[in-house]
Amino acid sequence: MDQPEGFTAVGEEQKICHLQRSIYGLKQASRSWNTHFDEVVRDYDLIKNDYDLCVYKKISGSSIAYLVLCVDDILLIGNDVKMLDDIKAWLSTQFSMKDMGEASYILGIKIYRNRSRRLLGLTQSSYIEKVLKRFKMEHSKRGLHPMRHGIKLSKKQSPKTDKELKRMSTIPYATAVGSIQYVVQCTRPDVAYALSVTSRYQACAGEVHWRAVKSILKYLKRTKDMFLIYGGGETDTGRL
């Protein structure tokens, strides 16, 4: 696999990584499936995006369609209904697949549409609820801000005694940061700064750092029904 962005070995940029394990299934299976899918869709003049290898596009005159591959799920979007129908019909001849209709939920993201106002909204309220339960925060107080005003985090607040180290070894700090990261990437850029600060201490997190992460979770609990809006010239966020 390619070296992950941000973790490229200096002076060895041309090298690749040896994948030791896959999230699920055999590590060769996902690669084989992706290679096969790529070969098939290219025959239909679908062009792969150079920066996001799971995104393809097809252009014909003023018509354009985008295909997004999420493991073995496919999302289609475009400005020509006939072109979309043709792509779906063709894909059905190449793969055993089922048309699930208009997308409403994908990868933990709920999709809302208001066609009259030309608005598209994305929310992760259900995902946030699952995250809160995972870290036993579902009954916590609701936070007003993702990070308390004036708080200063540093490595000096890292565990120093054996007791502190033992205590923090039981805290799923990195897992919590990773769970919040997915929310930030998809629908909640408002907590990006707080996450960027707390993520610096994953290797040496102390109680103060953990309280800062919990502050983000408390804020997400209060604002879990907020959603990100695209289009229409409206504000960036709203409430369900």
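In this text, residue positions in the sequence shown follow the numbering used here: the first is 6, and each later residue adds one.
No residue lacks a Cβ here, since even glycine has one placed at the ideal position from N, Cα and C.
Whole-angstrom distance between M6 and L24, CA atom to CA atom | Position 19 of the sequence shown holds residue 24. Position 1 of the sequence shown holds residue 6. Looking at the two C-alpha atoms, the distance is approximately 6 Å.
Decide yes or no for the touch test of the stretch 202-216 against the stretch 161-171: beta carbon pairs closer than 8 Å, at least 3 of them.
-> yes
From L89 to R123, what does the alpha carbon distance come to, in whole angstroms?
-> For the purposes of this step, residue 89 is taken as residue 84 along the sequence shown, with counting starting at 1. For the purposes of this step, residue 123 is taken as residue 118 along the sequence shown, with counting starting at 1. Using only the alpha carbons, I get a separation of about 19 Å.
Hey, L72 and V46 are a contact pair by Cβ (cut 8 Å); roughly how many whole angstroms apart?
-> Walking along the sequence shown from the start, residue 72 turns up at place 67. Walking along the sequence shown from the start, residue 46 turns up at place 41. 7 Å between Cβ atoms; contact.
Buried or exposed: where does Q129 fall if 16 or more other Cβ atoms within 10 Å of its Cβ makes it buried?
-> By one-based count along the sequence shown, residue 129 stands at place 124. Buried is the call here.
Is the number of C-beta pairs between the stretch 190-197 and the stretch 226-234 that are closer than 8 Å three or more?
-> yes
Throw me the rounded Cβ distance for the G126 and I234 pair, which I believe falls under 8 Å.
-> The residue given as residue 126 occupies position 121 in the sequence shown. The residue given as residue 234 occupies position 229 in the sequence shown. Approximately 5 Å separates the beta-carbon atoms of G126 and I234; this is inside 8 Å, confirming the contact.
Ends of the beta strand (DSSP E) at S68?
-> Numbered from 1 along the sequence shown, position 63 holds the residue referred to as residue 68. Residues 68-75.
Drop a sphere of 10 angstroms on the beta-carbon of Y224, count the other beta-carbons inside from all chains shown, and report buried for 16 or more, exposed for fewer.
-> Mapped onto the sequence shown, residue 224 falls at position 219. For Y224, the number of other beta carbons within 10 angstroms of its own is at least 16, and it is reported as buried.
What does a CB cutoff of less than 7 Å around Q186 pick up in its chain, not counting 5 residues either side in sequence?
-> Taking the sequence shown and counting its residues from 1, the one referred to as residue 186 is at position 181. L200.
How close, in whole Å, do the beta carbons of F314 and T192 come, if the pair is a contact with beta carbons under 8 Å?
-> As shown, the chain starts at 6 and ends at 245. That puts residue 314 outside it, with no answer to give.
Under the three-state reduction of DSSP, which class applies to Y110: helix, strand or coil?
-> For the purposes of this step, residue 110 is taken as residue 105 along the sequence shown, with counting starting at 1. In the structure shown, the three-state DSSP call for Y110 is strand.
DSSP state of T128, grouped into three classes?
-> Taking the sequence shown and counting its residues from 1, the one referred to as residue 128 is at position 123. Here T128 sits in strand by DSSP.
Determine the burial state of S220: buried for a count of at least 16 other Cβ atoms within 10 Å of its Cβ, exposed for fewer.
-> As a working mapping, residue 220 is identified with position 215 in the sequence shown. Here S220 is buried. Its C-beta has 16 or more other C-beta atoms within 10 Å.
Check whether the Cβ atoms of A217 and I156 lie closer than 9 Å to each other.
-> Walking along the sequence shown from the start, residue 217 turns up at place 212. Walking along the sequence shown from the start, residue 156 turns up at place 151. Their beta carbons are under 9 Å apart, which means A217 touches I156 by this criterion.
Between which two residues does the beta strand (DSSP E) carrying I185 extend?
-> In the sequence shown, residue 185 corresponds to position 180, counting from 1. Not the beta strand (DSSP E): I185 falls in the alpha helix (DSSP H), residues 178-191.
Straight-line gap, L245 to L112 (C-alpha atoms, nearest Å) = Position 240 of the sequence shown holds residue 245. Position 107 of the sequence shown holds residue 112. With a pLDDT of 42 at L245, under the threshold of 50, the modelled position of that residue is not reliable, and the figure given next carries that caveat. One alpha carbon belongs to L245, the other to L112, and they sit about 19 Å apart.
What is the rounded straight-line gap between the Cα of K160 and the Cα of V188?
-> Locating residue 160 in the sequence shown gives position 155, counting from the first residue. Locating residue 188 in the sequence shown gives position 183, counting from the first residue. Computed Cα separation, rounded: 26 Å.
Distance between Q190 and Y132 (C-alpha atoms, nearest Å) = Taking the sequence shown and counting its residues from 1, one reaches residue 132 at position 127. Taking the sequence shown and counting its residues from 1, one reaches residue 190 at position 185. Straight-line spacing of the CA atoms in Y132 and Q190 works out to 13 Å.
Among all the DSSP beta bridges, which residues are the ones paired with K20?
-> Taking the sequence shown and counting its residues from 1, one reaches residue 20 at position 15. None; K20 has no bridge partner.
Mind checking which residues open and close the alpha helix (DSSP H) that includes D91?
-> Locating residue 91 in the sequence shown gives position 86, where the first residue counts as 1. Element bounds for D91: 86-99.
Please go through the stretch 139-176 and give each complete alpha helix (DSSP H) segment of 4 or more residues, from N-terminal end onward.
-> 167-174
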